[in-house]
Structure formats: C-alpha cells, structure tokens
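Worksheet for the structure shown next.
Residue numbers (this note's numbering): 29 to 633.
Listed below in structure tokens is the structure:
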C-alpha cells in the first residue's frame, strides 16, 4: 500500500522529483547563509562530539523519518525567517507545487482496457460512470476536465476507493506540468531554508564520509542515493539529489528497484522495466513522467558494471523512506540470497562507508549474521497486541490486479521478516516515526513474539548514530528534535488472564512485566554491547542534563507511552532522569509494565 503524505494542506502520495537526467550529476547553488540556531534540543554535532573508537567497522546513521525539509511542496517546513526567501526562490524557478489531473480521452481508453481492477472489477464500471458525469465531450483539453488535488480527491470521494484504486487513477490521469520554456516543472528544495538543526545533521553525515575516505576539504564526497523504498523510485530522485548536493556531497543515483533485480544485462529484459514496475511496484507508466531518469536507468541496466562502479566509488550511502520490503526485493534474489549488487553494497558498508537511511531506509537495516534479529515490515500497536506478530511477506501494490497476492496478515497486523533486513544495524530491531505513530506497543510485541532482546525506536526529525567497532558493539549518539526509545525485554514475563470465552475465540488480558526502557535525547551518548553471554546491553550512558541526573518516579507520559488500543502502561522509578526545557524526559533503565487485551492465550504464545 502506498502511503499518503502531506503536500501543504492536501493529502497525496508523496513528494515529487524531476524528469531531469542531468540532475544526477548537478549541484545546487548556494543561496543564503544558515540562520542562527533557535531550537535548544538540537545544538549538538556528531563530528565534534563522537567518541573515538579503535576501529570503525560500520558507521550507521538512522533517521526516524519526517525530517522537515523546506521544499516547494512542503513550504510549511521552511524556517520561519526563511519562508519569504524560499518562496521567492520557488517562484523564480517555477517550482512544482502540487499535482494536477486531466480526465483525458487517452486515460479513459486506458481504463477501459483493464480486464481486472485493484478491488472488484465492478468498481471499474462505477469509475467510468463517474467520469461520464464530467461530460468532457471527447476533448482532452477541456478546462472542466482538469483538477487540482483537492478537487480531484473530492471528485472520487463518493466511490470510497481503496488506496490501490485511487493510486492507479492518479497514475493514469496525472498531468505533466510545464514551465514557460516548455521544460517540466520540478519540485524545488531550498536547503538553507531547512531548520538549522536539520541542515547540521545532514552536513555532519557528509563530513563523516569525507573523514572516512580521507578526502581533502576541497573534494566533495560521492554520495550514493538509493530510492528503492518508494513505490515510485523515480519520483524521489531529484528531491534527494538537490538535498545532498546542497549539504556538500556529489550525489549520484543508483537506479535499483525490484523490477531491475529481476532483469539481467539482456537488452530485451531491460527494455521491459516500465512494464515490470507496474507489476512489482503498482506504478503505471511512470517512465512517461520521468523519461530522462528512465533512460539513465535503462542504460545502467544494460551495463551492470556501471552499477557496480557507482557502489565502488561511493563515499557515503543513503536509502530513502517508503517500504523497506521494496528495498530488500531490490537487493535480494527470489531465493533470499543477496544479489551481486546487494553483496557489493553490504561489503562497502562493512568497510565503514557511512550509511544513512530515513524511515523505511532505517527500518531496513535491522538484522544480524548469527543472532535472531528480525526486520519489522508493518502493523499497528493495537492489532499487534490483539493478534500477535506474524512472519509474512507484504503484498506489492495492485497485487489483486496482477493476481500476485500472497500475504496472510489481517489489516493492521504486526508483520516481520524473520531473517532480518540488511543487518547493518545489528544491535536489535529498529523502528521509526516512533512516538508520532504510537509504535511503542508494536515494537515491544515484536520483541516478545520473536524472542529478541532489544528494540530501538527513533522519533521523527531525530537521528541515532551507531559507530560499530564490531558487529556486537557500538557507540550511540543522538541528535535532532525528538528522542530514541530503547527497550530491554530480556527479563520480561507474560501473564494471561481469561476475560471471556466463545466457541471460536478466546479473549484474554496479557500483562507484561520486568521491562526496562531508556530514552535518549539530543546530546546523549551510550555504549551498547552484545559481546558477553549475558548481553550487557546499554552501558556508559551519559545524559545531557546540564546537571547531575537524579532519581525520578515518572508518571505515564502520554507523549512517550501512547495508550493505543487500550494499552495500559505502568511506569516505575529510574535512577537517572531529567527533563528538557520543552518538557521531554531523558532517562535510563526505567522499569515498565504493560497490559493489553489479546485474542491469544498463553498456550498460543
């Protein structure tokens, strides 16, 4: 399922990128000096504060997602004192602002050719009837046939379309918007309009790449951009190329996706990428919207050594957000073995090349070569406790349309990939958008159901850096606006009490005790080790309190422990805790217990 994102006041499928092939090598002009730091939680720099390690085996930068980047489609994220400057830049560049749609005769003819539909083929008839009400008279350029985003989604609202249905209609009828000179409009990103702490986090990442590769200050590190987490891997390219070029890198795109991993150097196979993307990602004819990027991808598909060269040349790697399962399908063969490119990428990461990810690009990194550390793939806290976790492969979008549905999970059920993801973050399961999406419950349930010791939840606009000196130990640092929640479930106990019984369903209350949680905010550091038999876990925690941390008995904080779907948290007393000026707590080894309704009993565990 494709996620909906906010573009200003309107909900659409995501932020958009350009058709510009040359953007793969372009840089962004400097526009204005960085504004003064104004957010007190975010005044820490990794490159200045990180503790030196004997040898950096892996340098992992985990962004929690939701980074507030100043762009023409999300101007509300521009720093207040930079909004006018950013707006002038967007107007000057004729920036893309939001999608527009056209009920063209060509699009209607495309729909009429579909023999199946994302949900039920009878819904296709209703769609065509709804279009007929528009009375476009067979003219694809009739003004009344064009819609802005708000009008477009309002037009389809009476049909109660599924996400797959709406997304397919979006693809078929999206209108390419052109500048006055005839070139396509693109979403513009204004780096110096980001909040100062956001700029600094990404600049520090690029600086870490420079230091690792021992480059002179006049040389820009080469950053390898991977957009395979997106359902539409083409639409994010320009967005991130602008961002990282402005942050100080020489950004280049590695155009992998599930459709490409199934192809070979055979020219005919590579020519089918656009059609295969419709099957693997549910994206209809996106090459028509990004012809230059599609041509670039085709050329590299037909010359796989060029793909390998991009990886070998990289000084840093970044994986975008979306769906972590898509990234794994872009790097693994159907057998589960990593592809040639996947193996090359992992070797690069294990040699210390800094790797960053955001949202799904963070979640994909869970795993371990010998320990049981799964990769979370989906689900919500409420269904997670009612139904438990299920090892299941998520369906690709439009799976019903393509007759490829195999997933067994119920709606919202917690799912995971049992053998993990990339394994680049090898300390525990990592989850994202954490406090913002009430994910404490689902992370804990996954740890319990898979017998995994540790979980790491990263808030939005927050960064957890892990500098590994071995697969089992690392130095942790936190920056950004939010925090990182680390849960220790090694000593957890579960007790079930019968609530009611019916013929086919047993409803119980489960109470989990003997949990321990730590919450780190910007400036906090810690060591983490799995090297000993008893799994030391966190140690040498240094809270950035500004004064000696004192014992504290914390009340259940709804901002930190969401009571989602009747989850009830009990919070104990911690030996180290302090409260930041904005009211957020940082603490170590906080005793926790939780109870929740479940449809499972102790025997089913």
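Even for Gly, the Cβ is constructed at its ideal location relative to N, Cα and C.
Terminal residues of the alpha helix (DSSP H) in which residue i lies
i, result
"residue 192", "191-201"
"residue 241", "224-241"
"residue 376", "368-378"
"residue 628", "Counting along the chain, residue 628 falls outside any alpha helix (DSSP H), and DSSP gives it neither H nor E."
"residue 162", "Element bounds for residue 162: n/a, residue is neither H nor E."
"residue 266", "265-274"
"residue 288", "286-289"
Three-way DSSP call (helix, strand, coil) for residue i in this model
i, result
"residue 309", "coil"
"residue 606", "strand"
"residue 346", "strand"
"residue 511", "strand"
"residue 56", "Summary for residue 56: the model assigns pLDDT 26, below 50, so the residue's position carries little reliability; its value from the coordinates is reported in the next sentence. The answer is coil: DSSP assigns residue 56 none of H, G, I, E or B."
"residue 145", "coil"
"residue 617", "strand"
"residue 578", "strand"
"residue 31", "The predicted model places residue 31 with a pLDDT of 41, which falls under 50 and marks its position as unreliable; any figure quoted below should be read in that light. Three-state result, residue 31: coil."
"residue 559", "coil"
"residue 215", "coil"
"residue 441", "coil"
"residue 503", "strand"
"residue 469", "helix"
"residue 550", "coil"
"residue 151", "helix"
"residue 205", "coil"
"residue 453", "strand"
"residue 353", "helix"
"residue 623", "strand"
"residue 220", "helix"
"residue 260", "coil"
"residue 526", "strand"
"residue 477", "helix"
"residue 531", "Its pLDDT being 38, under 50, residue 531 is placed unreliably by the model, and nothing is read from it."
Start-to-end residues for the beta strand (DSSP E) that takes in residue i
i, result
"residue 485", "482-486"
"residue 320", "Careful: residue 320 lies outside any beta strand (DSSP E), inside the alpha helix (DSSP H) at 319-330."
"residue 87", "86-91"
"residue 281", "278-282"
"residue 597", "596-599"
"residue 490", "490-498"
"residue 568", "565-570"
"residue 175", "174-176"
"residue 459", "457-459"
"residue 253", "250-254"
Member of the options whose CA lies at the smallest distance from the CA of residue i
i, options, result
"residue 429", "115, 196 and 390", "196"
"residue 216", "186, 183, 178 and 270", "270"
"residue 503", "512, 509, 510 and 493", "493"
"residue 126", "178, 93 and 226", "178"
"residue 573", "615, 282, 536 and 537", "615"
"residue 187", "156, 213, 174 and 200", "156"
"residue 256", "571, 323, 353 and 318", "353"
"residue 86", "460, 451 and 151", "451"
"residue 581", "564, 226, 603 and 568", "603"
"residue 107", "526, 101 and 96", "96"
"residue 159", "440, 143, 185 and 146", "185"
"residue 129", "211, 393 and 175", "175"
"residue 447", "421, 439 and 173", "421"
"residue 237", "311, 275 and 105", "275"
"residue 120", "191, 146, 135 and 207", "207"
"residue 510", "516, 567 and 607", "607"
"residue 559", "496, 551 and 378", "496"
"residue 283", "331, 243, 312 and 272", "331"
"residue 281", "287, 289 and 262", "262"
"residue 541", "377, 535 and 518", "518"
"residue 134", "605, 109 and 173", "173"
"residue 415", "102, 131, 627 and 140", "627"
"residue 508", "112, 145 and 227", "227"
"residue 404", "146, 316 and 461", "461"
Any chain D beta carbon closer than 8 Å to residue i
i, result
"residue 316", "This model lacks chain D altogether, as it is built from one protein chain only."
Supposed close pair residue i, residue j - CB separation, criterion 8 Å
i, j, result
"residue 473", "residue 513", "Actually they do not touch by this definition, with Cβ atoms about 14 Å apart."
"residue 488", "residue 464", "5 Å"
"residue 483", "residue 475", "5 Å"
"residue 343", "residue 240", "7 Å"
"residue 478", "residue 417", "7 Å"
"residue 341", "residue 372", "Actually they do not touch by this definition, with Cβ atoms about 12 Å apart."
- Message: Which runs of the alpha helix (DSSP H) at least 4 residues long sit entirely within the stretch 93-133? Give them in chain order.
- Response: You should have 111-120.
- For the stretch 368-434, which segments carrying the beta strand (DSSP E) assignment without a break, of at least 3 residues, lie completely within its bounds, in sequence order? Qualifying beta strand (DSSP E) stretches, in chain order: 383-386 and 403-406.
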